[in-house]
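One structure is given below, encoded as structure tokens.
Number of protein chains: 2
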Amino acid sequence: MSIGVFDSGVGGLTVFKSIADRFKTVDIYYVGDTARVPYGNKSRDTIVKYSLELTEFLVKSFAVDLVVVACNTASSYALDFLKNRYNIPIIGVVEPGCIAAINATKNGKIGVIGTQATINSNSYANTLSALTGGGVRVYQKGCPLLVPLVEEGKIEHPVTKIILKEYLDGIVSEGIDTLILGCTHYPVLKDVINSIYPELNLVDSSVAIIDYIHKLNLDLNEKGLRNLFVTDESVSFENLKKLIIGDIPTFKVNLDSIELK
Amino acid sequence: MSIGVFDSGVGGLTVFKSIADRFKTVDIYYVGDTARVPYGNKSRDTIVKYSLELTEFLVKSFAVDLVVVACNTASSYALDFLKNRYNIPIIGVVEPGCIAAINATKNGKIGVIGTQATINSNSYANTLSALTGGGVRVYQKGCPLLVPLVEEGKIEHPVTKIILKEYLDGIVSEGIDTLILGCTHYPVLKDVINSIYPELNLVDSSVAIIDYIHKLNLDLNEKGLRNLFVTDESVSFENLKKLIIGDIPTFKVNLDSIELK
Chain A
1 MSIGVFDSGV GGLTVFKSIA DRFKTVDIYY VGDTARVPYG NKSRDTIVKY
51 SLELTEFLVK SFAVDLVVVA CNTASSYALD FLKNRYNIPI IGVVEPGCIA
101 AINATKNGKI GVIGTQATIN SNSYANTLSA LTGGGVRVYQ KGCPLLVPLV
151 EEGKIEHPVT KIILKEYLDG IVSEGIDTLI LGCTHYPVLK DVINSIYPEL
201 NLVDSSVAII DYIHKLNLDL NEKGLRNLFV TDESVSFENL KKLIIGDIPT
251 FKVNLDSIEL K
Chain B
1 MSIGVFDSGV GGLTVFKSIA DRFKTVDIYY VGDTARVPYG NKSRDTIVKY
51 SLELTEFLVK SFAVDLVVVA CNTASSYALD FLKNRYNIPI IGVVEPGCIA
101 AINATKNGKI GVIGTQATIN SNSYANTLSA LTGGGVRVYQ KGCPLLVPLV
151 EEGKIEHPVT KIILKEYLDG IVSEGIDTLI LGCTHYPVLK DVINSIYPEL
201 NLVDSSVAII DYIHKLNLDL NEKGLRNLFV TDESVSFENL KKLIIGDIPT
251 FKVNLDSIEL K
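Those sequence lines, one after another, are chains A and B.
251 is the number that the UniProt record's numbering gives to position 251 of the first sequence; each next residue is one higher, with no gaps.
1 is the number that the UniProt record's numbering gives to position 1 of the second sequence; each next residue is one higher, with no gaps.
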């Protein structure tokens with residue numbers, strides 16, 4: 001069988017890497033919508049349309065048996081729509097992240113950081129509440145500058161620490177013991193966040209999603225193909241690809257060929 | 001007559017404001033491509049296609065008599081293409097900025113900052129060289145984090161100063177006396193840049209472009225209409241619009257209706 005993974009751009013490569021490392025023999029097709037990145041500041045209708053186009057591309061072109069929505073914004077806005085439309089499993093990053101956070105927290109106080117769109121959607125807060133019957137307290141914070149900082153490679157940079165403290169001090173002072181990294185770019189910042197807040201459990205959805213795939217009991221024996229597609233050539237995609245997964249070739253898919261009218 | 005102005009997003013509003021302040025009676029139509037912003041990390045072909053679609057929208061829908069490409073990336077990649085295609089004047093921000101810089105410099109050393117795509121295009125360096133027969137020295141620096149910082153409203157923030165110094169110290173130490181703000185977001189940072197480098201002449205293309213329009217001797221008497229369009233609803237567009245020009249309503253134009261196949 002084969003797994004399709006999509007993201008608005010490069011961040012989902014952290015999810016691609018987790019799946020590729022764990023399921024060596026499965027075929028994986030990744031598409032990053034670099035022509036239309038970022039999704040974080042776009043409207044719900046637009047995010048749903050783009051997510052549908054990427055899913056159609058993966059299903060029609062490669063007959064994938066499972067689609068991973070490796071983008072928190074798309075998971076937050078388009079997952080239910082996609083689940084209703086397809087007969088194959090569609091997995092987002094929100095629910096796996098929430099389950100991992102619920103398992104990790106001791107005091108029931110969970111922080112969530114993400115793009116402004118992810119936070120505005122309340123998807124993490126709603127899912128955490130639904131899974132626990134309101135048994136946890138959730139503290140959310142939109143962190144719009146973290147993606148550009150990661151994409152500029154400013155990981156261990158003083159500016160990134162200043163911005164992280166500005167974003168996080170407020171919710172950390174509320175007493176959270178667990179923080180969901182609600183954006184697929186953020187795992188790259190794990191060490192920096194840990195150096196500032198060593199007491200926090202950090203939840204990385206790209207890891208949490210592996211358990212989810214396991215439970216589907218799919219036949220994972222295949223050729224171990226790894227194929228990356230982008231909707232536009234992008235230097236920052238190539239740079240972060242090298243940082244996250246190394247040298248796999250990237251193919252360009254023309255936006256015209258995937259747009260649905 | 002009427003003037004059309006387009007940009008990849010919100011930055012071109014600094015140009016809109018300059019034109020609106022100076023030409024009170026002209027009709028102005030602005031379109032910001034918020035559904036596909038940013039252009040700075042997209043390929044040449046994509047930038048040309050999007051620029052053509054926005055120009056067609058302005059020409060077809062409002063019969064504008066002049067188009068201002070208020071986006072440095074689009075000016076750098078698509079201006080010649082558009083000039084060849086249309087019979088009306090098409091004005092970019094690059095040449096006016098270069099002329100203003102040549103007039104301002106005393107020592108012939110000019111700095112240029114912009115998005116990575118603008119800098120990679122060499123459009124400012126080539127234009128400065130062509131206009132002076134190689135008589136000036138040009139020092140360029142891509143500043144990819146400045147747009148996200150401006151869009152997050154971090155204008156007077158310590159982080160912005162650290163990043164500005166990181167970007168600018170190198171070219172300032174080369175002895176430039178004039179700096180072209182080669183991105184329509186950057187005029188918002190004028191005061192901060194001046195506070196760090198009070199000796200620099202800062203060239204703001206949104207001001208330089210006014211002279212250009214004057215020289216066209218167009219009939220500027222009209223109703224003074226001001227209309228703003230975006231290709232996607234955007235909170236950051238609304239926030240920066242308020243900061244830059246105040247309360248003018250924004251209309252959404254559907255991307256489907258402007259895309260050219």
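Glycine residues also receive a C-beta, built at the ideal position from the N, C-alpha and C atoms.
| message | Can you pull out the residues from the region 21–39 of chain B whose beta carbon lies closer than 7 angstroms to at least one beta carbon of chain A? | response | Ala35 and Arg36
| query | Would a C-beta distance cut-off of 9 angstroms place B:Glu238 and B:Lys252 closer than the cut-off? | reply | no
| query | Name the chain A residues whose beta carbon is nearer than 7 angstroms to that of B:Ile163? | reply | Val159
| Between A:Ser195 and A:Lys154, what straight-line distance do the alpha-carbon atoms span, to the nearest angstrom? | 15 angstroms
| Sheet register partners of A:Val138 (DSSP bridge) | A:Ile110
| Can you round the beta-carbon distance between B:Ser75 and B:Val37 to whole angstroms, since I take them to be within the 8 angstroms contact cut? | B:Ser75 to B:Val37, Cβ: 16 angstroms. No contact.
| query | So, are the CB atoms of B:Ile47 and B:Ala78 less than 9 angstroms apart? | reply | yes
| Cutoff 8 angstroms; reference B:Phe81; Cβ partners in own chain excluding five residues on either side | Val48, Ser51 and Leu52
| query | At a cut of 8 angstroms, does the region 10–30 of chain A reach the region 64–72 of chain A through at least three beta carbon pairs? | reply | yes
| Residues bridged to residue 262 of chain A by DSSP? | Given a span of 1 to 261 for chain A in the structure shown, any question on residue 262 of chain A remains unanswerable.
| message | Between which two residues does the alpha helix (DSSP H) holding B:Arg85 run? | response | Asn72 to Arg85
| Chain-order list of residues whose beta-carbon lies under 6 angstroms from that of B:Val26 (same chain, five-residue window excluded) | Ile3, Leu220 and Glu222
| Cβ atoms of A:Gly97 and A:Tyr139: under 9 angstroms apart, would you say? | no
| message | What would DSSP say about A:Asp256, mapped onto helix, strand or coil? | response | helix
| field | Range of the contiguous beta strand (DSSP E) that encloses A:Ile180 | value | Thr178 to Leu181
| query | How would you list, in chain order, the residues of chain B whose beta-carbon sits under 9 angstroms from the beta-carbon of A:Pro144? | reply | Pro148, Glu151, Glu152 and Ser236
| task | On a CA-only basis, which of A:Ser205, A:Thr105, A:Ile210 and A:Val203 is nearest A:Lys24? Give me that one, please. | result | A:Ile210
| task | Grab me the residues of A:Thr250's own chain with a C-beta within less than 6 angstroms of its C-beta, minus the 5 sequence neighbours each way, in chain order. | result | Leu228 and Val230
| Is the closest heavy atom of the ligand FAD to the C-beta of A:His214 under 8 angstroms? | Ligands are entirely absent from the displayed structure, and the ligand FAD is therefore not among its contents.
| message | Could you give the first and the last residue of the continuous alpha helix (DSSP H) run that contains B:Asn103? | response | Val94 to Ala104
| field | Chain-order list of residues whose beta-carbon lies under 8 angstroms from that of A:Gly175 (same chain, five-residue window excluded) | value | Asn107 and Lys109
| Between B:Gln116, B:Val136, B:Phe6 and B:His185, which lies nearest to B:Asp33 when the distance is taken from Cα to Cα? | B:Phe6
| query | When the distance is taken between beta carbons, is A:Leu179 closer than 9 angstroms to A:Leu168? | reply | yes
| request: Measure the alpha-carbon distance for A:Glu156 versus A:Val192 and round it to whole angstroms. | output: 7 angstroms
| field | Collapsed DSSP secondary structure at B:Arg44 in the structure displayed | value | helix
| request: Could you give the DSSP three-state label for B:Phe23: helix, strand or coil? | output: coil
| request: Check whether the Cβ of B:Glu259 lies closer than 9 angstroms to any Cβ atom in chain A. | output: yes
| query | So, helix, strand or coil for B:Asn217, using DSSP? | reply | coil
| query | So which residues on chain A does B:Thr46 lean against when the C-beta distance must stay under 7 angstroms? | reply | Ala35 and Asp232
| query | The alpha helix (DSSP H) with A:Leu145 in it runs from where to where? | reply | From DSSP, A:Leu145 is part of no alpha helix (DSSP H); its letter is neither H nor E.
| query | Using CA coordinates, which residue listed in B:Val150, B:Glu166, B:Asn72 and B:Pro144 is at the minimum distance from A:Val235? | reply | B:Pro144
| said: For B:Asn239, report the span of its alpha helix (DSSP H) as first-last. | reply: Val235 to Ile244
| said: Taking the beta carbon of A:Ala63 as the centre, do at least 16 other beta carbons fall within 10 Å, making it buried, or is it exposed? | reply: exposed
| task | Compare the C-beta of B:Asp256 against all C-beta atoms of chain A and say whether one is closer than 9 angstroms. | result | yes
| Does B:Lys42 have its Cβ less than 9 angstroms from a Cβ in chain A? | yes
| What does A:Leu202 pair with, by DSSP beta-bridge criteria? | A:Leu179
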